[in-house]
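Trainee:
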Amino acid sequence: MSATAHGTADEATRMHEHKQAESPLTGSTAAADAGSRPAGRVMRIAPLDLRQQRFKAAFRGFDKTEVVAFLTEAADDYEHALREIDRLRQDLARMETLLSDHRDRETNLRNTLMTAQRLSDEVKDAAQNEAKMIVREAQGRGDLLLQKAQVRLGEIERDITELKLRRRGVEGSLETSIQTLYHALEFIREQDRQPEGEVHLHRPRAAEAGS
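In our numbering, the protein residues as written are 395 to 605.
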């Protein structure tokens, strides 16, 4: 490998390491999003990496236009998937907040029923029959409201479960795409490091296993 090729590879490595510290969507540090990712999963490639990746021209190498077009399309799909995950996270947060609100309402409703019962005990000596009627009516309304709240809670929990399943599906698909793109880039870089005139037509074993 020539000194120019070494310099190009070193520069690409430094650029990639610098971009790994940035968020795939905003360019801010990746630490802000680290808590929302599964443990052990590292996004090694950002959409900006794909858009800005450049390769040294080589004799009988890949068509530059096709490579750039492929990387641009992959970056668009990657960015769309990241935005979809972010949207699902926001939806999940909203649903969890709504679930918490309904649970608070259920607690308040139970407290109200307990208060009504205590009031009934305090006034039953003076108006026992009237107090019992009030309690029965309050309990009937409370049971109806509680039943509606429990039905709504069940719906919200099902929605949250569905959102979690969708998020895991999108993350799994994104992980597969990232691995495929990573191995493709490694293969292209390996071809780029070959001396001019030598072109290996085999694909990386990792890429063959994924196809």
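The beta-carbon is built from N, C-alpha and C at its ideal position, and this holds for glycine as well. In this text the structure is predicted, and so the values were computed from the model without any measurement.
If we call anything under 8 Å between Cβ atoms a contact, is Gly536 one with Leu507?
Mentor: Locating residue 536 in the sequence shown gives position 142, counting from the first residue. Locating residue 507 in the sequence shown gives position 113, counting from the first residue. Against a cut-off of 8 Å, the Cβ pair of Leu507 and Gly536 comes out as a contact.
Trainee: Mark Ser514 as exposed unless 16 or more other C-beta atoms lie within 10 angstroms of its C-beta, in which case mark it buried.
Mentor: Locating residue 514 in the sequence shown gives position 120, where the first residue counts as 1. Its Cβ being crowded by 16 or more others within 10 Å, Ser514 is buried.
Trainee: Alpha carbons only, please: which of Gln588, Asp586 and Ile572 is nearest the one belonging to Asp443?
Mentor: Looking up residue 443 in the sequence shown gives position 49. Residue Ile572 is the option with its Cα nearest to Asp443.
Trainee: Indicate the three-state DSSP secondary structure (helix, strand or coil) for Arg560 in the structure shown.
Mentor: The sequence position of residue 560 within the sequence shown is 166, counting from 1. Reduced to three states, the DSSP call for Arg560 is helix.
Trainee: Can you grab the Cα-Cα spacing for the pair Gly534 / Ile550, in whole Å?
Mentor: The residue labelled residue 534 in the question sits at position 140 within the sequence shown. The residue labelled residue 550 in the question sits at position 156 within the sequence shown. Those two C-alpha atoms are separated by around 24 Å.
Trainee: Short check: CB of Gln447 to CB of Leu476, under 8 Å?
Mentor: Taking the sequence shown and counting its residues from 1, the one referred to as residue 447 is at position 53. Taking the sequence shown and counting its residues from 1, the one referred to as residue 476 is at position 82. Cβ atoms of Gln447 and Leu476: not closer than 8 Å.
Trainee: Taking the continuous alpha helix (DSSP H) assigned at Gln588, which residues delimit it?
Mentor: Translated into positions along the sequence shown, residue 588 becomes position 194. Run containing Gln588: none; DSSP gives neither H nor E here.
Trainee: Hey, quick one: how far does the alpha helix (DSSP H) through Asp357 stretch, first residue to last?
Mentor: The question about residue 357 has no answer here: the residues shown for the chain are numbered 395 through 605.
Trainee: With a threshold of 16 other CB atoms inside 10 Å of the CB of Ala521, please say whether the residue is buried or exposed.
Mentor: As a position in the sequence shown, residue 521 is number 127, starting the count at 1. Looking at its Cβ environment, which holds fewer than 16 other Cβ atoms inside 10 Å, Ala521 is exposed.
Trainee: Please report how far the alpha carbon of His496 lies from the alpha carbon of Gly563, in whole angstroms.
Mentor: As a working mapping, residue 496 is identified with position 102 in the sequence shown. As a working mapping, residue 563 is identified with position 169 in the sequence shown. Roughly 28 Å between the two C-alpha positions.
Trainee: Is DSSP giving Asp457 helix, strand or coil here?
Mentor: Translated into the one-based positions of the sequence shown, residue 457 becomes position 63. Coil.
Trainee: Between the Cα of Arg488 and those of Asp586, Glu569 and Leu557, spot the shortest distance and give me the residue it belongs to.
Mentor: The count along the sequence shown starts at 1 and reaches residue 488 at position 94. Checked all of Asp586, Glu569 and Leu557; the closest Cα to Arg488 is Leu557.
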